Amino acid sequence: MEFEYRGFNIECAASLGGAGFAGSASVRRVSNERDEPFESGTLKLFPTSLQAINYARVWAEIWCDTQLDTARPAAMLKRR
1 MEFEYRGFNI
11 ECAASLGGAG
21 FAGSASVRRV
31 SNERDEPFES
41 GTLKLFPTSL
51 QAINYARVWA
61 EIWCDTQLDT
71 ARPAAMLKRR
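In terms of the numbering used here, the sequence shown is residues 1 to 80.
Structure follows, in structure tokens:
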């Protein structure tokens with residue numbers, strides 16, 4: 001399944017493992033389709049492929065958020 005999130009293309013998949021379905025995600029910036037995507041590798045196991053894909057999507061969205069948040073000034077991250 002493919003999704004777009006905050007300027008990233010996310011492609012999620014599930015594969016059948018020994019004890020269930022494992023999700024994985026491939027992430028790349030929309031603005032630079034020629035770059036190699038970031039690959040999550042095999043993630044957590046679930047009883048259904050839909051659960052595995054949903055987990056991979058959430059994992060990828062969090063990964064995208066951390067990539068964008070690193071550009072924020074350190075002063076914005078301090079507690080008041």
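All residues carry an ideal CB built from backbone N, CA and C; glycine is no exception. The structure presented is a predicted model; accordingly, all values stated were derived computationally and were not measured.
Please specify which runs of the alpha helix (DSSP H), each continuous and at least 4 residues long, are wholly inside the stretch 30–63, giving them in chain order. You should have found no qualifying run.
Test item: CB-CB of Gly41 and Ser24 under 8 Å: What you label residue 41 is simply residue 41 of the sequence shown in a count that begins at 1. What you label residue 24 is simply residue 24 of the sequence shown in a count that begins at 1. Yes. Within cutoff.
Beta-carbon separation of Gly20 and Leu43 under 8 Å? As a working note, residue 20 is residue 20 in the sequence shown. As a working note, residue 43 is residue 43 in the sequence shown. No, the Cβ-Cβ distance between Gly20 and Leu43 is not below 8 Å.
Distance check for Ile62 and Met1, CA to CA, integer angstroms please. Here residue 1 corresponds to residue number 1 of the sequence shown, with the count starting at 1. Here residue 62 corresponds to residue number 62 of the sequence shown, with the count starting at 1. Approximately 17 Å between the Cα atoms of the pair.
Counting along the chain, where does the beta strand (DSSP E) carrying Gly83 start and finish? Only positions 1 to 80 of the chain appear in the structure, and residue 83 is not among them; the question remains open.
Whose CA, out of Thr66, Val58 and Leu68, lies closest to the CA of Cys12? Translated into the one-based positions of the sequence shown, residue 12 becomes position 12. Just measuring C-alpha positions, the residue of Thr66, Val58 and Leu68 sitting nearest Cys12 is Val58.
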